[in-house]
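Undergrad: No gaps in the numbering here: position 137 of the sequence shown is 199 in the working numbering, and each next residue is one more. Ideal Cβ placement from N, Cα and C applies to all residues, glycine included.
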Amino acid sequence: MNEITLANLMSPVAPTWCPGCGNFSILTALKQALVELKLNMEDVVIVFGIGCSGNTADFIKCYGLHALHGRGVANAIGIKLANHNQKVIMIGGDGDIYGEGFNHLVAACRGNHDLTTLVFNNHRYSLTTGQASPTSAKGTISKSTPQGLIENPIGALSTAISNGAGFVARAYAGKLKQMVDLIKEGILYEGFSLIDVQQPCPSFNKEQDYAWYQENVFDLAADYDPTNQGQALVTLLDQDKLGLGVLYRNDQRLAYHKEVPCLSAQSLIEQFPKEINLSKAIAEFV
Ligand code: SF4
63 MNEITLANLM SPVAPTWCPG CGNFSILTAL KQALVELKLN MEDVVIVFGI GCSGNTADFI
123 KCYGLHALHG RGVANAIGIK LANHNQKVIM IGGDGDIYGE GFNHLVAACR GNHDLTTLVF
183 NNHRYSLTTG QASPTSAKGT ISKSTPQGLI ENPIGALSTA ISNGAGFVAR AYAGKLKQMV
243 DLIKEGILYE GFSLIDVQQP CPSFNKEQDY AWYQENVFDL AADYDPTNQG QALVTLLDQD
303 KLGLGVLYRN DQRLAYHKEV PCLSAQSLIE QFPKEINLSK AIAEFV
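Okay, structure coming up:
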């Protein structure tokens, strides 16, 4: 067993993100959360999407997989079904998860698959130099929308809640301690946890900069009840003022693998016959 420490999460590759990018603090929060949870390296798998956020794959040392664009959640579900003893985390951007991969996100919510999805939401496709994404505001001028974006931003969190996600939270890259706490809570939650992290992108989103966020985020009130689904949906209808914290939590619903009879006693990998030589089978495909 190799307990996670900041030292053994350290990658030899330094982040290549732009100065001031919100991704730096999200990575710091993720590492801190993993350390504080006292998990072991071999018990955590991180799946990375494609984008500036997906490049985190190079900047943290862990077991994981860099998935195809939009397919990270589907890969994460597969890993969890194969070995539900693992903590499975999926990292991607708003384009990757709310755009290309949105149907996989809905499937994860419907099944309440026990994984944590962290969305680095900068409201742009930034790796490809700033095209409008599913969370861009109506009217956004970008390379792909020079006349201004016509569509409304996607209601991703309300969709997640109304389709069965058991834990939905919103964080902000400018609030480190809150991010750490929400990531820890999401990882410990047994079911699907979606954490939307509002992330400034100084290079390609000049509108939603740190000053904008200071004006437009607020902590959910102390008497906010995250078990009240209706209240969560009403809160999310306000897309300008962004409430931070646990928006919704359902502790009544079982995670997907808990409802599958053949997985209740043992994980799939534990049931796998030991005498099968996988190396030989894999060699046929490489
Ligand atoms: Fe961060 Fe934006 Fe630069 Fe990507 S383009 S690294 S999101 S600041």
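Cβ of asparagine 145 versus every heavy atom of the ligand SF4: is any distance shorter than 7 Å?
TA: The count along the sequence shown starts at 1 and reaches residue 145 at position 83. No, since every heavy atom of the ligand SF4 falls outside the 7 Å radius drawn around the Cβ of asparagine 145.
Undergrad: Go to serine 255, then tell me how far its beta strand (DSSP E) extends in each direction, as first and last residue.
TA: Within the sequence shown, numbered from 1, the residue matching residue 255 stands at position 193. Run containing serine 255: 255 to 260, per the beta strand (DSSP E) assignment.
Undergrad: Terminal residues of the continuous beta strand (DSSP E) containing valine 75?
TA: To locate residue 75, count along the sequence shown from 1; it is residue 13. Taken as a continuous stretch (DSSP letters only), valine 75 belongs to no beta strand (DSSP E), as it is neither H nor E.
Undergrad: Between which residues of its own chain and alanine 138 is the CB-CB distance below 7 Å, once the five residues before and five after are set aside?
TA: The sequence position of residue 138 within the sequence shown is 76, counting from 1. Once the five neighbours on either side are set aside, the close Cβ partners of alanine 138 are Val109, Val150, Met152, Leu177.
Undergrad: Could you give the residue range of the beta strand (DSSP E) that holds lysine 149?
TA: The count along the sequence shown starts at 1 and reaches residue 149 at position 87. From DSSP, the beta strand (DSSP E) with lysine 149 extends over 149 to 155.
Undergrad: For glycine 113 versus serine 188, is the C-beta spacing smaller than 8 Å?
TA: For the purposes of this step, residue 113 is taken as the residue at position 51 of the sequence shown. For the purposes of this step, residue 188 is taken as the residue at position 126 of the sequence shown. Against a cut-off of 8 Å, the Cβ pair of serine 188 and glycine 113 comes out as a contact.
Undergrad: Look at cysteine 124 and valine 97 and say whether their C-beta atoms are less than 8 Å apart.
TA: Mapped onto the sequence shown, residue 124 falls at position 62. Mapped onto the sequence shown, residue 97 falls at position 35. No, these two residues do not count as a Cβ contact at 8 Å.
Undergrad: Helix, strand or coil for threonine 221, going by three-state DSSP, please let me know.
TA: Position 159 of the sequence shown holds residue 221. The answer is helix: DSSP assigns threonine 221 an H, G or I state.
Undergrad: Examine the ligand SF4 and report whether any of its heavy atoms sits within less than 7 Å of the Cβ of proline 264.
TA: Numbered from 1 along the sequence shown, position 202 holds the residue referred to as residue 264. Checking the Cβ of proline 264 against the ligand SF4 gives yes.
Undergrad: Might you give, ordered along the chain, the residues of its own chain that have their beta carbon closer than 6 Å to the beta carbon of phenylalanine 254, omitting 5 neighbours on each side?
TA: Translated into positions along the sequence shown, residue 254 becomes position 192. Ala170, Cys171, Asn174, His175, Ala227, Gly228.
Undergrad: Could you tell me the alpha carbon to alpha carbon distance between glycine 111 and tyrosine 251, rounded to whole angstroms?
TA: Residue numbering aside, residue 111 sits at position 49 when the sequence shown is read from its first letter. Residue numbering aside, residue 251 sits at position 189 when the sequence shown is read from its first letter. Each residue's Cα considered, the two are about 22 Å apart.
Undergrad: Are the beta-carbon atoms of glutamine 260 and leucine 304 separated by less than 8 Å?
TA: Numbered from its first residue, the sequence shown carries residue 260 at position 198. Numbered from its first residue, the sequence shown carries residue 304 at position 242. Contact flag set, yes.
Undergrad: Just checking, does the region 185 to 202 make contact with the region 264 to 280 on the three C-beta pairs under 8 Å criterion?
TA: As far as the Cβ criterion goes, the region 185 to 202 touches the region 264 to 280, which means the pair count is three or higher.
Undergrad: Which same chain residues, not among the five before or five after valine 308, have their C-beta less than 8 Å away from its C-beta?
TA: Sequence index remark: in the sequence shown, residue 308 carries index 246 (1-based). Excluding positions up to five away in sequence, the list reads Phe229, Val230, Ala231, Leu244, Glu247, Leu282, Pro288.
Undergrad: So glycine 84 packs on proline 196, CB below 8 Å; how close in whole Å?
TA: Taking the sequence shown and counting its residues from 1, one reaches residue 84 at position 22. Taking the sequence shown and counting its residues from 1, one reaches residue 196 at position 134. No, glycine 84 and proline 196 are not in contact; Cβ-Cβ is about 18 Å, not under 8 Å.
Undergrad: From Pro215, Ser220, Tyr286, Ala91, pick the residue whose C-alpha is nearest to that of isoleucine 249; which is it?
TA: Translated into positions along the sequence shown, residue 249 becomes position 187. Taking only the C-alpha atoms, the option nearest isoleucine 249 is Ala91.
Undergrad: Should asparagine 64 be counted as a contact of the ligand SF4 given a C-beta to heavy atom distance under 7 Å?
TA: Sequence index remark: in the sequence shown, residue 64 carries index 2 (1-based). The answer is no for asparagine 64.
Undergrad: Would you mind giving the Cβ-Cβ distance between tyrosine 318 and glutamine 291, rounded to the nearest angstrom? I have them listed as a contact below 8 Å.
TA: Indexing the sequence shown from 1 puts residue 318 at position 256. Indexing the sequence shown from 1 puts residue 291 at position 229. Wrong, their Cβ atoms sit about 19 Å apart, outside the cutoff.
Undergrad: If you draw a straight line from the alpha carbon of tyrosine 234 to that of leucine 306, how long is it in whole angstroms?
TA: Indexing the sequence shown from 1 puts residue 234 at position 172. Indexing the sequence shown from 1 puts residue 306 at position 244. Going from the Cα of tyrosine 234 to the Cα of leucine 306 covers about 7 Å.
Undergrad: To the nearest angstrom, how far is the alpha carbon of leucine 68 from that of valine 242?
TA: In the sequence shown, counting from the first residue as 1, residue 68 sits at position 6. In the sequence shown, counting from the first residue as 1, residue 242 sits at position 180. The alpha-carbon atoms of leucine 68 and valine 242 are separated by roughly 14 Å.
Undergrad: In terms of DSSP beta bridges, what is leucine 67 paired with?
TA: Start at 1 with the first residue of the sequence shown, and residue 67 comes out as number 5. It should be pointed out that residue 67 corresponds to threonine in this sequence rather than to leucine. Looking at the DSSP assignment, threonine 67 forms no beta bridge with any residue, so it has no partner.
Undergrad: Between asparagine 183 and the ligand SF4, is there a pair consisting of the residue's CB and a ligand heavy atom that are separated by less than 7 Å?
TA: The residue you call residue 183 lines up with position 121 of the sequence shown. Not under cutoff, so the answer is no.
Undergrad: Any idea what DSSP makes of isoleucine 122, helix, strand or coil?
TA: Start at 1 with the first residue of the sequence shown, and residue 122 comes out as number 60. Isoleucine 122 falls in the strand class under three-state DSSP.
Undergrad: Only counting the same chain, and skipping five residues up and downstream in sequence, which positions put a Cβ closer than 6 Å to that of glycine 210?
TA: Residue 210 sits at position 148 when you count from the first residue of the sequence shown. Counting only Cβ-Cβ distances below 6 Å, and skipping sequence neighbours, we find Gly201, Ile203.
Undergrad: Measuring CA to CA, which of Asp158, Asp271, Ser206, His166 is closest to alanine 48?
TA: In this structure the chain extends from 63 to 348, so residue 48 is not present and cannot be described.
Undergrad: With respect to the beta strand (DSSP E) encompassing alanine 233, which residues constitute its N-terminal and C-terminal limits?
TA: Numbered from its first residue, the sequence shown carries residue 233 at position 171. Element bounds for alanine 233: 229 to 234.
Undergrad: Taking 7 Å as the line, does the beta carbon of tryptophan 79 fall inside it for any heavy atom of the ligand SF4?
TA: Position 17 of the sequence shown, counted from the first residue, corresponds to residue 79. Answer for tryptophan 79: yes, Cβ within range of the ligand SF4.
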